[in-house]
Ligand code: 1WB
Ligand code: MN
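Numbering (the numbering used here), first residue to last: 53 to 400.
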């Protein structure tokens, strides 16, 4: 292994666990191709079309999303990545009808568990579920943890323009809390109500819309009071916390004001207290030492996990970014693997 970044030999030896790494299975890819060919004005459609129904130019990502073996492992080996924590890529099963989504989530979880056992020590996995069928979702969540041995859950933000603070989704939150398993709230494009100003200039996806959507989801979970009902629920958001860490002071100040004006429930804690208690963040797709340093200071180093966002982001610069981060060797151990081992119950 050689990195042209001046990192020390100790840093080159470290166990690197990447925590927001995407895959797809052929059956989900096929169903997303049908979504791509169907009607609708969802802001997810441009990317779904580009990846799953790309026409003669082909898709940059589809081959690497489908691969859970040679090319992926080779990329990990080349870059010193010990393990990828895999999740079914956005929008997951959430654009399908509830029955299709329930079946495909279970199939994706089975395939994921097979990939984990085919490559011992190299993969861990976040299970999918169909939020739009919450009772069946809760059953699948239990199966994924207790029978398949998966490490937590992924949900791609809104489902049919609804957010998980809605009581209909409480069985999902209850199941995750009871299982002691973290839900990674991964982005998808903004819900219909947020969409209009994000249609132009490429704002609908990773450049800006993903963060607006997912940050809003996180703030709703805090401001709605559901974390008083599910105090032990663990949630994870990527992209250096989807800008939420930068807002903590203002969230605290203004939630008090909203409450005084009768616009929000009375909360047991301040927003920043919920964020530090119930959330962790990952560095996926944000390779800025300034943002990392701020996030560690704002949240504590135990609440920040490394991620690449493979295959959407290249692995090499994500490794260079973290190897050269202005942190102590002890902090680096937490960022690269110890926090992931704790939050996602990965064997040390
Ligand atoms: C991109 C990133 C596209 C993600 C995606 O399509 C997903 C992108 C589903 O960078 O263009 C992602 O998972 O972060
Ligand atoms: Mn991602």
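The beta carbon of each residue, even a glycine, is placed where N, CA and C say it ideally should be. Predicted model only: the values in this text are computed from it and were never measured.
Asked                                                                                                                                                         : Found
Would you kindly check if the distance between the Cβ of residue 143 and the Cβ of residue 96 is under 8 angstroms?                                           : yes
Candidates 293, 275 and 127: which alpha carbon is nearest residue 310's?                                                                                     : 275
Does any heavy atom of ligand 1 sit closer than 7 angstroms to the C-beta of residue 236?                                                                     : no
Measuring alpha carbon to alpha carbon, tell me which residue in 255, 77, 356 and 129 is nearest residue 115.                                                 : 77
If you drop the 5 nearest sequence neighbours on each side, which residues of the same chain put their C-beta closer than 6 angstroms to that of residue 181? : 157, 189, 192 and 193
Counting C-beta neighbours from all protein chains within 10 Å, is the total for residue 244 16 or more, i.e. buried, or is it exposed?                       : exposed
Please name the residue or residues paired with residue 331 in a DSSP beta bridge.                                                                            : 287
Would you list the residues sitting across from residue 138 in a DSSP beta bridge?                                                                            : 73 and 177
What number of angstroms, rounded off, separates the C-alpha of residue 65 from the C-alpha of residue 220?                                                   : 46 angstroms
Can you tell which of 360, 104 and 150 has the C-alpha that lies nearest to the C-alpha of residue 370?                                                       : 360
Return the CA-CA distance between residue 400 and residue 393, expressed in angstroms with no decimal places.                                                 : 6 angstroms
Helix, strand or coil for residue 211 per DSSP?                                                                                                               : strand
Taking the runs of the alpha helix (DSSP H) that are 4 residues or longer, which of them lie wholly in the segment 261-327?                                   : 261-275, 278-281, 291-294 and 300-312
Please report how far the alpha carbon of residue 355 lies from the alpha carbon of residue 391, in whole angstroms.                                          : 7 angstroms
Nearest-angstrom Cα distance between residue 102 and residue 111?                                                                                             : 7 angstroms
For chain B, find out if any of its Cβ atoms is closer than 8 angstroms to the Cβ of residue 318; answer yes or no.                                           : This model lacks chain B altogether; it includes just one protein chain.
For a test of the three-state rule: what should DSSP assign to residue 125, helix, strand or coil?                                                            : helix
Any contact of the segment 160-173 with the segment 197-217, i.e. 3+ C-beta pairs under 8 angstroms?                                                          : yes
Taking 8 angstroms as the cut-off, decide whether the C-beta atoms of residue 117 and residue 75 are in contact.                                              : yes
Excluding sequence positions up to five away, which residues of its chain have a Cβ less than 8 angstroms from the Cβ of residue 395?                         : 204, 234, 286, 288, 332 and 357
Between 282, 167 and 68, which lies nearest to residue 231 when the distance is taken from Cα to Cα?                                                          : 282
Under 8 angstroms: do the segment 335-342 and the segment 310-321 share three or more Cβ pairs, one atom per stretch?                                         : no
Rounding to the nearest angstrom, what Cα-Cα distance links residue 312 and residue 303 in this structure?                                                    : 14 angstroms
Any heavy atom of ligand 2 inside 7 angstroms of the beta-carbon of residue 364?                                                                              : yes
Please say whether residue 240 and residue 214 have beta carbons closer to each other than 8 angstroms?                                                       : no
Buried or exposed: which applies to residue 380, given that a residue is buried once 16 or more other Cβ atoms fall within 10 Å of its Cβ?                    : exposed
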